[in-house]
Amino acid sequence: MTMPAARTDVTGATDCITAELPCVPESVGRAHALVPSVLVGWGLEDDVADLGQVIVSELVTNVVNHTETDLMEVVIDQVDSTVRFRSSDRSHAAPRMKKATNSTESGRILRLVDALCVRWGYDPHCAGKITWAEINAPAGRGR
């Protein structure tokens with residue numbers, strides 16, 4: 247399966263990369279690989295890219311595992327010192343953190359995202375929702 251090309255939109259104070267991916271397990275790796283090329287290209291340090299890779303991988307995994315979406319959109323954008331990672335899907339169900347136990351195989355994704363980012367949430371829209379997470383880029387880095 248081929249991955250559609252990412253589109254780049256750089257306007258004003260915002261840098262933005264968007265990639266449309268099929269909602270299949272292989273897209274987790276594709277989204278994961280996209281992050282360092284984008285963030286390092288923006289002049290951000292490797293540790294920011296590493297953190298972003300984990301967050302994007304978890305957001306995409308959540309879409310693959312918990313929605314019936316055929317095609318998802320992954321967006322990475324930077325405004326000032328904030329980097330935001332977004333995944334869109336066609337589900338109207340609100341993402342929620344579940345209590346994970348040692349015997350469960352799921353329920354940890356949003357807990358991990360919550361622990362790694364400065365804030366996260368979701369925005370419902372008529373076709374589904376966008377789940378997002380933000381991290382701070384170190385002062386004096388990037389753009």
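Using the working numbering, you'd call the opening residue of the sequence shown number 247 and step up by one each time.
Beta carbons: idealized from backbone N, C-alpha and C, even for Gly.
Check, Outcome
"Counted within 10 angstroms of its Cβ, other Cβ atoms place C363 as buried (16 or more) or exposed", "buried"
"Distance between D335 and D292 (C-alpha atoms, nearest Å)", "28 Å"
"As assigned by DSSP and simplified to three states, the class of R336", "coil"
"Cβ distance (whole Å) where L297 is taken to contact I381 below 8 Å", "6 Å"
"Chain-order list of residues whose beta-carbon lies under 6 Å from that of P282 (same chain, five-residue window excluded)", "A295"
"Three-way DSSP call (helix, strand, coil) for P268 in this model", "strand"
"Rounded distance between the beta-carbons of N311 and P341, thought under 8 Å", "No, P341 and N311 are not in contact; Cβ-Cβ is about 11 Å, not under 8 Å."
"The beta strand (DSSP E) enclosing D316, as first and last residue numbers", "Where D316 is concerned, there is no enclosing beta strand (DSSP E), given that its DSSP letter is neither H nor E."
"R357, DSSP secondary structure in three states", "helix"
"Same chain only: Cβ atoms within 6 Å of S337, ignoring 5 sequence neighbours per side", "T313, G374"
"Where E304 sits in the DSSP three-state scheme", "helix"
"Rounded straight-line distance, which links the Cα of V320 to that of C262", "11 Å"
"Contact set for Q299: own chain, Cβ-Cβ below 6 Å, skip 5 residues either direction", "H278, V281"
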